[in-house]
Amino acid sequence: MALHIDKDGKIEVITPPKKLTDKEKQILENAPINKELIQKARTTNFNIVYG
Amino acid sequence: MDNNIKIIQCDSKNINSYRVRLLQSFSYHTDLNRSTRERTLLEETIKLIQKKKTVLYILQKEDKYLGAVTLSASSIDDTPVVQIDFLFVDYEYRKVIIEEIDDTVSNYLITFAMSRAELVQQTIGVKYLALYPDAQSETLINHYKNMEFLQLNKEWLFVKVD
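If you're matching them up, the sequences are chains G and X in order.
Mapping to the numbering used here: the first sequence position 15 is 23, numbers consecutive.
Mapping to the numbering used here: the second sequence position 109 is 102, numbers consecutive.
Given below as structure tokens:
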């Protein structure tokens, strides 16, 4: 859940839309694969630690 | 991978060990209002981590925290997504190419988020990586568009997970 601070300083939780317009549905469904980002994500060796 | 670079995973179990250092070690914006805003968002994000609503990943170079990103499960309409809840870059490292990762902190953390989304997709299914640009900043929106994020509506950007 993303956080947003409005102009009065109040903190709001922002969630993605739960109802889409037909236009928004088309945008989602027709979205191309971001090959460059995916390839970079797959080939980068992240050194993740937990402690 | 340079051994001086690592990503520390923080969830509800270990966030308290990092809380103070997280808040104190980052450099914030030089403008007082923006600095206060950034720190407040980080404090609130830590509360969400404590409540198990998101998980934080801190990018560290040697002993310096460069930035952080938090990820959670969400949905757009009825479609599961991995959501970037919060992405923060230390003020001194904004737009700076870090030699060891050959990238900016922001781009590296976005790439990391995509790698996590792919991992989640293999386990429980997810279709998109989504984010809400902080303060709906045009600069940020354009930055994400340059990374080929698509604009769903005036508030949300997304990229399809393969």
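C-beta atoms are modelled at their ideal positions from N, C-alpha and C, and glycine is treated no differently.
If you're wondering where the values come from, they're calculated on a predicted model, not measured in any experiment.
Next on the checklist: What would DSSP say about V21 of chain X, mapped onto helix, strand or coil?
Outcome noted: Inspection of the sequence shows that residue 21 of chain X is occupied by Tyr rather than by Val. Three-state result, Y21 of chain X: coil.
Checklist entry - the stretch 138 to 152 of chain X: which residues have C-beta closer than 9 Å to a C-beta of chain G, in chain order? => result Listed by position along the chain: M140, E141, F142, L143, Q144, L145, N146, E148, W149, F151 and V152.
Checklist entry - Mind pulling the beta strand (DSSP E) runs of 3 or more residues that sit fully within the stretch 18 to 96 of chain X? => result 48 to 54, 57 to 69 and 72 to 82
Checklist entry - Do you know whose CA, among X:E92, X:Q2 and X:K54, lies nearest V57 of chain G's CA? => result It is X:Q2 whose Cα lies nearest to the Cα of V57 of chain G.
Item to check | Cβ of K18 of chain G within 8 Å of any chain X Cβ | outcome: no
Item to check | P40 of chain G, buried or exposed, once every other Cβ within 10 Å from all chains shown has been counted against 16 | outcome: Classification for P40 of chain G: exposed.
Checklist entry - Is V13 of chain X helix, strand or coil by DSSP? => result helix
Checklist entry - Which one of X:S10, X:Q17, X:F105 and X:S5 has the shortest CA to CA distance from L52 of chain X? => result When the alpha-carbon of L52 of chain X is set against those of X:S10, X:Q17, X:F105 and X:S5, the nearest one is in X:F105.
Checklist entry - Would DSSP call A39 of chain G helix, strand or coil? => result A39 of chain G falls in the coil class under three-state DSSP.
Checklist entry - Cβ of A61 of chain X less than 8 Å from any chain G Cβ? => result no
Checklist entry - Quick one: Cα of S28 of chain X to Cα of T72 of chain X, how far? => result 35 Å
Checklist entry - For L145 of chain X, which three-state DSSP category applies? => result coil
Item to check | contact_flag[the stretch 58 to 72 of chain X, the stretch 92 to 109 of chain X] where n(CB pairs < 8 Å) is 3 or more | outcome: yes
Checklist entry - Taking K57 of chain X as the reference, which of X:L49, X:W149, X:Q114 and X:Q17 has the closest Cα? => result Out of X:L49, X:W149, X:Q114 and X:Q17, X:Q17 has the C-alpha closest to the C-alpha of K57 of chain X.
Checklist entry - So who's on the other strand from I119 of chain G, going by DSSP bridges? => result Here chain G has residues from 9 to 59 only, and residue 119 of chain G is not among them.
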